[in-house]
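Quick note, the sequences are listed as chains A and B, same order.
For the first sequence, our numbering begins at 18 and goes up steadily by one.
For the second sequence, our numbering begins at 1478 and goes up steadily by one.
Ideal Cβ placement from N, Cα and C applies to all residues, glycine included.
Note that the structure is predicted; figures quoted are calculated from it, not measured.
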Amino acid sequence: MKVLVPVKRVIDYNVKVRVKADGSGVDLANVKMSMNPFDEIAVEEAIRLKEKGVATEVVAVSIGVKQAQETLRTALAMGADRAILIEAAEDVTQDIEPLAVAKLLKAVVEEEQPGLVIAGKQAIDNDMNATGQMLAALLGWPQATFASELKIEGDHAVVTREVDGGLQTVKVKLPAIVTADLRLNEPRYASLPNIMKAKKKPLEVKTPADYGVDVSPRLTVVSTSEPPARKAGVKVADVAELVSKLKNEAGVL
Amino acid sequence: MPDILRREDLDFLLNDVFDLEELCRRPFYAEHERADIDAMMDTAERLAEEVFQPFAAKLDANEPTFDGERVHIIPEVPAALETYRQAGFPAMAFPAEIGGMGLPYMAATAIGAWFAAANGPAMGYLSLTGWAANLLATHGSEELKARYLGPMCEGRYFGTMCLSEPQAGSSLGDIRTRAERREDGTFRLFGSKMWISGGEHDMSENIIHFVLARIPGAPPGVKGISLFCVPRILPDGARNDVRLMGLNHKMGNRGTVNTALAFGEKEGAVGWLVGQENHGLACMFVMMNEARVSVGLSAAALAMTGYLHALSYARERLQGRPLTGRDPSAPMIPIIQHADVRRMLLQAKCYAEGGMALCLYAARLIDDLRSGTDEDAAEARRLLEILTPIVKSWPSEFGLRANDNAIQVHGGYGYTRDYPVERMYRDNRLNPIHEGTKGIQGLDLLGRKVPMEGGAPFRALLARMRRTLAEAEGDEALADIRAAVAEAVDGAERTTAAMLAAAPKAGAEAFTANATIYLDMLGHVTVGWLWLRQALAARRALAAGGAGREDFLRGKIDAARWFCRYELPLTHAWRGMIEGLDRTTLDTPPEHL
């Protein structure tokens, strides 16, 4: 079974995000970029399936700027077998919307015919949480999102999902879309020898035109702003005052 | 942000200042390119941040203990070293022919800085192993190499260096450990060794000790010392006759277990000769270049992390109001706004980043030794001769002062164990002591390296400095920095010439009585020169557009200027103290103290 893993190049999770002065978006000039952490988890899960002999090939695909090659190299260094880059953006400020990404991925899926797609549940830049679901709808495939555990049983995937208030286990028929949540696994580090080996793994470069997909935006960003600054707290004299404030002001008791 | 190191600083030094890409174009390093070195650095940064730094304070507070049978070390240490091993780091700097990755040494050094800054004591075990493996690769017999080199490069076997004894530290000629020859060609060792880091633990499959000892009948002093390989576990699986006598309880660097070892309390510890008989010290010094660069690096890395912690603190800590508007109802300002706090930060920045530049420059010279043309390699060897004592001691001395400033910036909080800056200071305090004390480095520089080969290494260094001065000529924006460095270089040359001229008459004792001051002086001149190089590189990068790092690059020029204004003038004073071979120290009788 072939596993396809879409990965996105995003602002590094350690970087303190700054909004551009004109409110048009986040300042990405000279900012460290890395693989979306949920996508790393997805890559790790695919590699583990391969190590268990369940998967035969892991293909990583990224849609974005030319530099997303580095992100794909990371996926290859972790253990993916080959990579596809669809160069769809001129520069980092141009974000490709989930629907366009899903359409491109649908085209890749039709070409590659994977038995399973494992994606991150969302990218940490825009937090859209939409691509996996849209892709499932476009393909007419079953989906199991927010996975914290994945087992392949015959031609089904048994997926534990993290839902509000607990865990839900679903069984979906393959081929299917699974999106990875934080607790699915702990991704490995790209080891030095594998970074060297990754250089020799195939990386194919395509354009949206190759798949006949129009990636022009359909959404308009009205404004971007920093979250409001946290207000200073108040000191309470004793436990009684704390309880009274929690009861009467915060209304949590 | 964890403030371990700033990636920008390392990228700037590797790429803008010391041209890593030029190294990668050499056939010797053809396998490597900047992109994969960047990716390796990414892994190092994450491992340092996610695996090593989180337990650095815990390791300091829970140093290894000995219950009479076993050494206990917190489990985070072997777990982190295993992650490091699986990520393939132990082999990065070794040449491909002995199973390494053959990374340019400068790149491997910069990558290593992450671990030295995040948790040096945990890394200590593998740094030592690296040095020991180098020694084995250079001098070991084929049999020993076949048995131990592979597992050491993989980080499965650890190594130690057993030089000192309780009665002989800096004075290695006075060691007493005895090595008796057996008919099968092996030796049996008897004696005790002191200050052995990583000397005993259960974290690796084997520990390979490299031990200096005397074969009976050998000439006295340093000419009668041989080097032996003494494994903790013998090839047949039995424990060798090496026993842990006790642990040393150190000020800092507590996580690296430091031991006193007894060799041969029973039938004698089995050892194999490494290199030629009576050439042990010479063998040992072959790996000393790299070991001393690595001591300097550890000092510079600790200085950088201390500086970054102080910088973050100074940007956030609110105290006082501007002198120009002391309205008590106005909000307090971050302490970085106060001139004296900025002075401490600038000094720490100059020491830390200057020290790192020095170490990476030396590492690049080691790359020239390996991969340069014959002429370049010969030049690199001369430069390393003269620079090694400086690379070892300058960051150890002044990097430590950067850590001192980091404590001072934190005020009372810096003096508590709730903040990491006091631990960094204690860890760094080792560096002026081990692998040749500062005093020994001063004697090595002035007594041996400056006069050697008719002064060729010293002249090679001055020529390098003057090449940079020529490059900077005509750049108005750097004119003051260039002038200050030029003056310091000329002054160092004059003082050295005057001291050498006076030496035959004054005698060796008077010539070297102030060697440590000479070491600081030449160190400051060297780092001043490297700050000019950094300023030039920053100017080039700014001229090319700056690419969003304008403040960072301007900061390098500001630091270069600060070093010229406030640090280089010290070299005038130091030269004044020493150029007449002043005898005040020498002539003060011990009984007057």
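Locate the alpha helix (DSSP H) running through residue i, then write down its first and last residues.
i, result
"E87(A)", "A85 to M95"
"W2051(B)", "L2045 to I2055"
"V118(A)", "P115 to E129"
"T2061(B)", "T2061 to D2064"
"H2001(B)", "A1992 to A2020"
"M50(A)", "Taken as a continuous stretch (DSSP letters only), M50(A) belongs to no alpha helix (DSSP H), being part of the beta strand (DSSP E) at M50 to M52."
"E1559(B)", "E1553 to Q1563"
"A1949(B)", "A1933 to A1949"
"K19(A)", "That residue, K19(A), is in no alpha helix (DSSP H); its beta strand (DSSP E) goes K19 to P23."
"R1658(B)", "Per DSSP, R1658(B) belongs to no alpha helix (DSSP H); it is in the beta strand (DSSP E), R1655 to R1658."
"G1757(B)", "G1757 to V1763"
"T1893(B)", "It is not in any alpha helix (DSSP H) - T1893(B) carries neither H nor E in the DSSP assignment."
Could you work out which residues of chain A lie near residue i, taking near to mean beta carbons separated by less than 8 Å?
i, result
"M1578(B)", "L209, P210 and M213"
"T1520(B)", "Y206, A207, S208, L209 and I212"
Mind checking which residues open and close the beta strand (DSSP E) that includes residue i?
i, result
"Y1634(B)", "Y1634 to C1639"
"W1749(B)", "A1746 to V1751"
"L1666(B)", "F1664 to S1674"
"T186(A)", "G183 to K190"
"K223(A)", "L220 to K223"
"F163(A)", "Q160 to E170"
"E104(A)", "R99 to E104"
"L133(A)", "L133 to G137"
"V1966(B)", "Here V1966(B) belongs to no beta strand (DSSP E); instead the alpha helix (DSSP H) covers A1956 to A1983."
"I194(A)", "A193 to A197"
What residues of chain A sit near residue i, judged by a beta carbon separation below 7 Å?
i, result
"A2024(B)", "N47"
"D1480(B)", "By Cβ distance, chain A contributes nothing, its closest Cβ being about 11 Å from D1480(B), past 7 Å."
"R1523(B)", "Y206"
"M2109(B)", "An answer regarding residue 2109(B) cannot be provided, because it is not within the stretch 1478 to 2070 covered by chain B."
"D1513(B)", "I212, M213 and K216"
"M1569(B)", "L209"
When you compare only the Cα positions, how much space is there between residue i and residue j?
i, j, result
"A1829(B)", "P1872(B)", "7 Å"
"P131(A)", "M18(A)", "7 Å"
"A94(A)", "Y1602(B)", "27 Å"
"A2012(B)", "K2033(B)", "6 Å"
"T2062(B)", "G2053(B)", "15 Å"
"E68(A)", "P1504(B)", "36 Å"
"H1686(B)", "A1937(B)", "37 Å"
"A1656(B)", "A2036(B)", "53 Å"
"P1531(B)", "D255(A)", "35 Å"
"D108(A)", "A1857(B)", "43 Å"
"V1554(B)", "A1534(B)", "12 Å"
"R2042(B)", "A1879(B)", "17 Å"
"M1518(B)", "D1488(B)", "10 Å"
"R1665(B)", "D1651(B)", "19 Å"
"S1775(B)", "Y1902(B)", "12 Å"
"M50(A)", "G1607(B)", "33 Å"
Residues of chain A with a CB under 9 Å from the CB of residue i: which are they?
i, result
"F1566(B)", "S208 and L209"
"Q1563(B)", "R205, Y206 and S208"
Quick one: is the Cβ of residue i within less than 8 Å of any heavy atom of the ligand SAM?
i, result
"C1630(B)", "This structure does not include the ligand SAM; it has no bound ligands of any sort."
Show which residues of chain B have a CB atom less than 8 Å away from the CB atom of residue i.
i, result
"T91(A)", "A1516 and D1519"
Applying a beta-carbon distance threshold of less than 9 Å, which residues of chain B neighbour residue i?
i, result
"A94(A)", "D1513, A1516 and T1520"
Taking contact to mean 3 or more Cβ pairs, one atom from each stretch, closer than 8 Å, check whether the segment 1553 to 1562 of chain B and the segment 209 to 220 of chain A are in contact.
No: the two stretches stay apart, fewer than three of their Cβ pairs being nearer than 8 Å.
At what residue ranges does the segment 1828 to 1888 of chain B contain a whole run of the alpha helix (DSSP H), taking only runs of 4 or more?
Counting whole runs of 4 or more residues, the segment 1828 to 1888 of chain B contains the alpha helix (DSSP H) stretches 1851 to 1871 and 1877 to 1887.
Inter-stretch contact at 8 Å, needing at least 3 Cβ pairs: the segment 55 to 67 of chain A / the segment 128 to 143 of chain A:
Yes, since at least three Cβ pairs between the segment 55 to 67 of chain A and the segment 128 to 143 of chain A fall closer than 8 Å, the two stretches touch.
What are the complete beta strand (DSSP E) segments, minimum 3 residues, inside the segment 1679 to 1742 of chain B?
The beta strand (DSSP E) runs lying completely inside the segment 1679 to 1742 of chain B and spanning 3 residues or more are 1683 to 1690, 1703 to 1708, 1719 to 1724 and 1735 to 1740, given in chain order.
With a threshold of 8 Å, are at least 3 pairs of Cβ atoms found where one atom belongs to the segment 252 to 266 of chain A and the other to the segment 1765 to 1778 of chain B?
With a cut-off of 8 Å on Cβ pairs, the segment 252 to 266 of chain A is not in contact with the segment 1765 to 1778 of chain B, counting fewer than three such pairs.
Given 8 Å, three or more beta-carbon pairs between the segment 1700 to 1719 of chain B and the segment 1739 to 1757 of chain B:
Below 8 Å, enough C-beta pairs join the segment 1700 to 1719 of chain B and the segment 1739 to 1757 of chain B to call them touching: three or more.
Quick check: the segment 1984 to 1996 of chain B against the segment 1916 to 1924 of chain B, are there 3 or more CB pairs under 8 Å?
Because the criterion of three Cβ pairs below 8 Å is met, the segment 1984 to 1996 of chain B and the segment 1916 to 1924 of chain B touch.
Within 8 Å, do at least three Cβ pairs link the segment 1633 to 1644 of chain B to the segment 1672 to 1690 of chain B?
Note that the segment 1672 to 1690 of chain B touches the segment 1633 to 1644 of chain B; at least 3 beta-carbon pairs, one per stretch, sit closer than 8 Å.
Quick one: any contact between the segment 230 to 244 of chain A and the segment 107 to 126 of chain A, if contact means 3 or more CB pairs under 8 Å?
Remark: three or more beta-carbon pairs, one from each stretch, lie closer than 8 Å, so the segment 230 to 244 of chain A and the segment 107 to 126 of chain A are flagged as touching.
Quick test of the definition: if touching needs 3 or more C-beta pairs under 8 Å, does the segment 1572 to 1587 of chain B touch the segment 1835 to 1843 of chain B?
Three or more beta-carbon pairs separated by less than 8 Å link the segment 1572 to 1587 of chain B to the segment 1835 to 1843 of chain B, which places the two stretches in contact.
Which runs of the beta strand (DSSP E) fall wholly inside the segment 1596 to 1653 of chain B and span at least 3 residues, in chain order?
With a minimum length of 3 residues, the continuous beta strand (DSSP E) runs that stay inside the segment 1596 to 1653 of chain B are 1634 to 1639.
Taking three-plus beta-carbon pairs below 8 Å as touching, is the segment 1613 to 1624 of chain B in contact with the segment 1516 to 1527 of chain B?
No, because fewer than three Cβ pairs between the segment 1613 to 1624 of chain B and the segment 1516 to 1527 of chain B fall closer than 8 Å, the two stretches do not touch.
Cβ pair count under 8 Å reaching 3, the segment 1487 to 1507 of chain B against the segment 1998 to 2018 of chain B
Yes, since at least three Cβ pairs between the segment 1487 to 1507 of chain B and the segment 1998 to 2018 of chain B fall closer than 8 Å, the two stretches touch.
For the segment 143 to 162 of chain A against the segment 183 to 194 of chain A, do three or more pairs of beta-carbon atoms, one drawn from each stretch, fall closer than 8 Å, so that the two count as touching?
With a cut-off of 8 Å on Cβ pairs, the segment 143 to 162 of chain A is in contact with the segment 183 to 194 of chain A, counting three or more such pairs.
Quick check: the segment 1717 to 1725 of chain B against the segment 1695 to 1702 of chain B, are there 3 or more CB pairs under 8 Å?
Under the 8 Å Cβ criterion, the segment 1717 to 1725 of chain B does not count as touching the segment 1695 to 1702 of chain B, having fewer than three qualifying pairs.
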